[in-house]
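Throughout the sequence shown, residue numbering follows this note's numbering, covering 80 to 387 in sequence. Quick reminder that beta carbons are idealized off the backbone N, C-alpha and C, glycines included. Heads up: the structure comes next, in structure tokens.
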Amino acid sequence: MELSLGPFLTCLTTSMILTVYFYYVLYRKKTFFAQGKRFVFIGIILILLRMAVPLNFPFTYTLRSEHILPTLIGFLYDTTPFHGWSILDILYRIVFIGAVIQLIRLLISKIRLNIKGFEVKDTAEYHHLYELASHYTTDNIRIAVLPDTISPAITGLCTPTLLLPDISFTDTELEYVFKHELMHYKKHDLWITLLVDVVCCIHWWNPLIYLLKKEYTLFMEVSNDQAILQNSSRKEHIQYANLIVSTAKTVHYRQCAHHALSMNFVGKSPSNLRTRIKFITTDFTDEKRKNISRIFQSAFITILLIFS
80 MELSLGPFLT
90 CLTTSMILTV
100 YFYYVLYRKK
110 TFFAQGKRFV
120 FIGIILILLR
130 MAVPLNFPFT
140 YTLRSEHILP
150 TLIGFLYDTT
160 PFHGWSILDI
170 LYRIVFIGAV
180 IQLIRLLISK
190 IRLNIKGFEV
200 KDTAEYHHLY
210 ELASHYTTDN
220 IRIAVLPDTI
230 SPAITGLCTP
240 TLLLPDISFT
250 DTELEYVFKH
260 ELMHYKKHDL
270 WITLLVDVVC
280 CIHWWNPLIY
290 LLKKEYTLFM
300 EVSNDQAILQ
310 NSSRKEHIQY
320 ANLIVSTAKT
330 VHYRQCAHHA
340 LSMNFVGKSP
350 SNLRTRIKFI
360 TTDFTDEKRK
370 NISRIFQSAF
380 ITILLIFS
């Protein structure tokens, strides 16, 4: 493997195309198919893995530019008085140092998340919470009740912890919260979120990467919402939407932002919240349209994966 300008340009182009794709699916087309969704997620994860390694692989096929790129970026290869390095060599070092700093900050943000003092045991007072969790997963789940009005969330890659705020929920609402957060755990969304964060750290210089993270987070949330509400009645859709809105009104987003490497029930973006509510309350029943969308999106992700 070798370091060259190609992978950085490919990342820039791929992040732009993938961001446009998410925007088209979530805001314009508004068709989020159920079947084939797993294939699209796997394809996107592979693209993110490729973006996390900004090197040329031995099997990489490079499309060489003989005229356009040399004219645009030829100055980057000019040597400088500083140790005889080229401008590109200096930029590589700046990108590398910036990535290391961002990765350290990500690690520190994870270490700062200390919830041991708020973890509740499976006692008589909290037995109903652990019993509810057992309905959705057989794995050992820790539960922490925080005295803050944060969003319900789940954190922990190996030993998951469900974070519950100091908010009163009805039994039905609590079931929705548990089902939503534990589904993130079962679908390995926390690992995917970590991967996205690592990609953002490595490509910190690319402003599109942060927009890509925002749209992909929405992509995962919409997928989760639809999985939860599959075969549900219209009334249940409305109840679920009302729960998200009422929780979002109560949540303090500044406190919510302190919890790193977690999936939040309501998130931190008002625009993402509006889009989720629109998907929850809108009935997409055109099966022909869904089939066309599934074929188009699967083909698009495959082509983008090969390109990346």
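For residue i, the nearest candidate out of the options (CA to CA)
i, options, result
"P244", "P231, T272, I359 and F87", "P231"
"L88", "L125, Y171 and Y100", "Y171"
"N285", "I222, I323, A178 and A320", "A178"
"V324", "N351, Q309 and L225", "N351"
"A327", "T216, T228 and L182", "T228"
"T202", "S94, R221, H214 and L225", "R221"
"L185", "D168, I169 and C279", "C279"
DSSP-derived helix/strand/coil call for residue i
i, result
"E198", "strand"
"R333", "Any reading at R333 is ruled out, since the residue's pLDDT is 48, under 50, leaving its predicted position unreliable."
"Q114", "Note that Q114 has pLDDT 48, beneath the 50 cutoff, so the model's placement of it is unreliable and no number is given."
"V132", "coil"
"N321", "helix"
"L352", "helix"
"L340", "Any reading at L340 needs caution, since the residue's pLDDT is 49, under 50, leaving its predicted position unreliable; the model's value is listed next. L340: coil per DSSP, three-state reduction."
"S165", "strand"
"T296", "helix"
"T217", "coil"
"T361", "coil"
"T98", "helix"
"T158", "strand"
"Q181", "helix"
Min CB distance residue i to chain E below 8 Å
i, result
"H263", "Here chain E cannot be found, since the structure has a single protein chain."
Range of the contiguous beta strand (DSSP E) that encloses residue i
i, result
"L105", "Counting along the chain, L105 falls outside any beta strand (DSSP E), and DSSP gives it neither H nor E."
"V55", "Limits of the chain in this structure are 80 at one end and 387 at the other, which puts residue 55 out of reach."
"A75", "This structure leaves residue 75 out entirely; the chain is present only between 80 and 387."
"L261", "Not the beta strand (DSSP E): L261 falls in the alpha helix (DSSP H), residues D250 to K265."
"L243", "T240 to L243"
Integer Cβ distance of residue i from residue j, believed to fall under 8 Å
i, j, result
"L241", "E260", "6 Å"
"A212", "F257", "6 Å"
"V301", "F379", "That pair is no contact at about 17 Å."
"I382", "T329", "Their Cβ separation, rounded to whole angstroms, is 43 Å, which puts I382 and T329 out of contact at 8 Å."
"S377", "V119", "6 Å"
Opening and closing residue of the alpha helix (DSSP H) in which residue i lies
i, result
"A212", "H206 to S213"
"L269", "D268 to I281"
Legend entry - Given 8 Å, three or more beta-carbon pairs between the stretch 195 to 214 and the stretch 278 to 298: no
Inset, instruction - Assess, as a yes-or-no matter, whether the stretch 220 to 239 is touched by the stretch 264 to 273 under the definition of 3 or more beta carbon pairs within less than 8 Å. - result: yes
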